[in-house]
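Sequential numbering from 83 applies to the sequence shown in the numbering used here.
We put the beta carbon where it would ideally sit given N, CA and C, even for glycine.
Note that this is a predicted model, so its numbers are computed, not measured.
This report refers to the structure that appears directly beneath it.
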Amino acid sequence: MTQSVTEEEPFKVNISATAANQPTVHIRIRWAGNWEYAWMFDDIAVVEGANYDLVGQAWIPTFYGYGWYSVMPKSNHTPLTLFQVPVFNNGAQDLTGLNMTVTIDDETATQVYNETTITTISGSQDLVSSGLDTLYNDVPFDPDTTAVHTYTVNMSIAMNETDESPADNALATPYSFQITDSTIGRANAIDRWLSTAYYSGTISGDVFGTIVYLPNPDTVSSMDLFLKADAAALANGASVTATLYSVDPGTGAWVEVISSDPYDITAADTASAGHWVNIPYVTDGFSEIISGGWYLIGLVANYDPASSVVAFGAEQAFPHDFQNSVNLSVNGTWYYTSSGVPAFYLNMKHAPVATSANTYNQAQVSIYPNPANTEIHIDNASGATIYVYNLTGQNVVTLENANKFNTVNVSDLPAGSYIVKVVNNNDVKTQKINIVK
Numbered sequence: 083m084t085q086s087v088t089e090e091e092p093f094k095v096n097i098s099a100t101a102a103n104q105p106t107v108h109i110r111i112r113w114a115g116n117w118e119y120a121w122m123f124d125d126i127a128v129v130e131g132a133n134y135d136l137v138g139q140a141w142i143p144t145f146y147g148y149g150w151y152s153v154m155p156k157s158n159h160t161p162l163t164l165f166q167v168p169v170f171n172n173g174a175q176d177l178t179g180l181n182m183t184v185t186i187d188d189e190t191a192t193q194v195y196n197e198t199t200i201t202t203i204s205g206s207q208d209l210v211s212s213g214l215d216t217l218y219n220d221v222p223f224d225p226d227t228t229a230v231h232t233y234t235v236n237m238s239i240a241m242n243e244t245d246e247s248p249a250d251n252a253l254a255t256p257y258s259f260q261i262t263d264s265t266i267g268r269a270n271a272i273d274r275w276l277s278t279a280y281y282s283g284t285i286s287g288d289v290f291g292t293i294v295y296l297p298n299p300d301t302v303s304s305m306d307l308f309l310k311a312d313a314a315a316l317a318n319g320a321s322v323t324a325t326l327y328s329v330d331p332g333t334g335a336w337v338e339v340i341s342s343d344p345y346d347i348t349a350a351d352t353a354s355a356g357h358w359v360n361i362p363y364v365t366d367g368f369s370e371i372i373s374g375g376w377y378l379i380g381l382v383a384n385y386d387p388a389s390s391v392v393a394f395g396a397e398q399a400f401p402h403d404f405q406n407s408v409n410l411s412v413n414g415t416w417y418y419t420s421s422g423v424p425a426f427y428l429n430m431k432h433a434p435v436a437t438s439a440n441t442y443n444q445a446q447v448s449i450y451p452n453p454a455n456t457e458i459h460i461d462n463a464s465g466a467t468i469y470v471y472n473l474t475g476q477n478v479v480t481l482e483n484a485n486k487f488n489t490v491n492v493s494d495l496p497a498g499s500y501i502v503k504v505v506n507n508n509d510v511k512t513q514k515i516n517i518v519k
């Protein structure tokens, strides 16, 4: 165990190729770590190996795109598209008829998915002694999104022969994920702390983030994280900023979409156990409207990492796709790290804005077509003011005291994405429109 791994982990190594038929065998154990300061071994035993022993080395479910999500919103979810188990023949004899079964239950214990596959990367169902292969299943599971749900994923492997050590033939603790009203995130639990201050070369302004894929347009509102800080961070006036980034289609770089006001570290944040913090984004009517795609739920460190530490909860034990699930900015250069996926959660909102009792009804406003070419039509907007903004926030069209049916000429606007806002007193209808040429 280490400060990162808080529960014991059983581990076995087949040493037959080196130790078999030798009069004397010396066993030396060496551990290499990035920053752990202590580790322990217990109950080491040398036992006679089995003839038939199939070992599942990892249990890896993958959502569309990359990686695992612990929570996804109903309106912006992706399906599970791949299940994988790397397998090892730890026995002295060859194994035949390898297969993998995946089942998924909902919160009522109703089974909603059951698939058995014999597909391996090698193409063979057999595995020689000490051989490695991977069983996989690419039959997708698309969750029901008409209501919130909690799904439980079970995975197991089998063979024709009787396994003499079957404990590692199934996922010990089933994985679970939730379909929620408005939240997306990857971490299932918190098993370690991370901070930009834990890495060499970091400076104020560096970023840690969780990568997520949102297939649909939406409106973002805030970020949740589990946070703690040291006393120096409080004394030095440290702060962090919640910032959402999207991918620049031209360069592939992360570019800022929306951010919060700085969150100043308080005395409550220095509690050793840490606590949950919600940081709202600063909204302006268009920055919070996202078009969909890949995003980074980022946290910017506004402090000197040499003198202060603001840490946040993360998960390392789960078989995350770290390369595609986490990014770290060190002095302007982006990296991925396998140290853990931050427990960062992006909150969205879908509820319509309440309308006043007048002839204008925001819920009945219709903005079309989308995509548009030369004209945009806005219906049921009597008395409202219509604004069109480009994605830099520049107001490019204004139409005051609108009629019930309106036509806005956009033929002079370049192709791209725009925000249309229909405003009547405190009632606002906002929609993203794409203009194509």
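Looking only at its own chain, which residues have a Cβ that is under 6 Å from the Cβ of residue i, when we skip the five neighbours before and after it?
{"i": "D306", "result": "N360 and Y427"}
{"i": "A497", "result": "I517, V518 and K519"}
{"i": "P139", "result": "Strictly speaking, residue 139 in this sequence is Gln, with Pro absent from that position. If we look at Q139 and ignore the five residues flanking it on each side, its Cβ neighbours are P168 and F170."}
{"i": "V502", "result": "I449, V470, Q513 and I515"}
{"i": "G179", "result": "Q207, M241 and N242"}
{"i": "Q260", "result": "V153 and T232"}
{"i": "T333", "result": "none"}
At the level of alpha carbons, what is the spacing between residue i and residue j?
{"i": "F368", "j": "D125", "result": "60 Å"}
{"i": "P248", "j": "S389", "result": "51 Å"}
{"i": "T365", "j": "I200", "result": "51 Å"}
{"i": "S86", "j": "S286", "result": "Reliability fails at S86, whose pLDDT of 47 lies under 50, so the model's placement of it is uncertain and the value that follows must be treated cautiously. The alpha-carbon atoms of S86 and S286 are separated by roughly 25 Å."}
{"i": "E130", "j": "T192", "result": "42 Å"}
{"i": "T301", "j": "I186", "result": "30 Å"}
{"i": "N96", "j": "S204", "result": "22 Å"}
{"i": "A433", "j": "W358", "result": "Since pLDDT at A433 reaches only 38, below the 50 mark, its modelled position is unreliable, and no value is offered."}
{"i": "T190", "j": "P256", "result": "15 Å"}
{"i": "N133", "j": "V194", "result": "36 Å"}
{"i": "P331", "j": "G375", "result": "10 Å"}
{"i": "A320", "j": "V408", "result": "23 Å"}
{"i": "P401", "j": "A114", "result": "20 Å"}
{"i": "N219", "j": "S328", "result": "31 Å"}
{"i": "A279", "j": "A324", "result": "17 Å"}
{"i": "S282", "j": "Y385", "result": "15 Å"}
{"i": "E457", "j": "N158", "result": "29 Å"}
{"i": "S453", "j": "E370", "result": "According to the sequence displayed, residue 453 carries Pro and not Ser. The straight-line gap from Cα to Cα measures roughly 20 Å."}
{"i": "Y500", "j": "N472", "result": "5 Å"}
{"i": "T314", "j": "R112", "result": "The sequence given here has Ala at residue 314, not Thr. The alpha-carbon atoms of A314 and R112 are separated by roughly 36 Å."}
{"i": "A355", "j": "G414", "result": "31 Å"}
{"i": "A252", "j": "I272", "result": "23 Å"}
Assuming contact is defined by CB atoms lying nearer than 8 Å, are residue i and residue j in contact in what I supplied?
{"i": "R268", "j": "S152", "result": "yes"}
{"i": "P161", "j": "W150", "result": "no"}
{"i": "Y377", "j": "L296", "result": "yes"}
{"i": "Y418", "j": "Q405", "result": "yes"}
{"i": "T262", "j": "P155", "result": "yes"}
{"i": "F308", "j": "A425", "result": "yes"}
{"i": "I379", "j": "V478", "result": "no"}
{"i": "M237", "j": "M182", "result": "yes"}
{"i": "V322", "j": "V235", "result": "no"}
{"i": "D135", "j": "G173", "result": "yes"}
{"i": "V412", "j": "A311", "result": "no"}
{"i": "D176", "j": "S211", "result": "yes"}
{"i": "V337", "j": "L326", "result": "no"}
{"i": "P299", "j": "I372", "result": "yes"}
{"i": "V184", "j": "F165", "result": "yes"}
For residue i, which residues of its own chain have a beta-carbon under 7 Å away from its beta-carbon, when the five flanking residues on both sides are left out?
{"i": "N440", "result": "Residue placement at N440 is flagged as unreliable, the pLDDT there being 39, under the threshold of 50; a coordinate-derived value is accordingly withheld."}
{"i": "L276", "result": "F290, A393, F394, A396, S421, G422 and P424"}
{"i": "Y148", "result": "D403, N406 and S407"}
{"i": "F223", "result": "P161, L162, I186 and Y195"}
{"i": "A101", "result": "V107"}
Near residue i, what residues of its chain come up, given a Cβ to Cβ distance below 8 Å and the 5 sequence neighbours on each side ignored?
{"i": "L316", "result": "I347, T348, A349, D351 and T352"}
{"i": "K486", "result": "D461, N462, A463 and S464"}
{"i": "E459", "result": "Strictly speaking, residue 459 in this sequence is His, with Glu absent from that position. Cβ within range, chain order: S448, I449, Y450, P451, F487, N488, T489 and V490."}
{"i": "A484", "result": "I460, A463, S464, G465, A466, T467, I468 and V504"}
{"i": "Y345", "result": "S321, V322, T323, A324, V359 and I361"}
Counting only runs of 3+ residues fully inside the segment 226-258, write out the beta strand (DSSP E) ranges in chain order. 231-240
In the segment 358-422, which residue ranges form an unbroken alpha helix (DSSP H) of at least 4 residues, counting only runs that do not cross its ends? 404-407
What are the start and end residues of each continuous beta strand (DSSP E) run of 3 or more residues lying completely inside the segment 256-316, in chain order? Within the segment 256-316, the complete beta strand (DSSP E) runs of at least 3 residues are 257-262, 274-276, 289-296 and 300-311.
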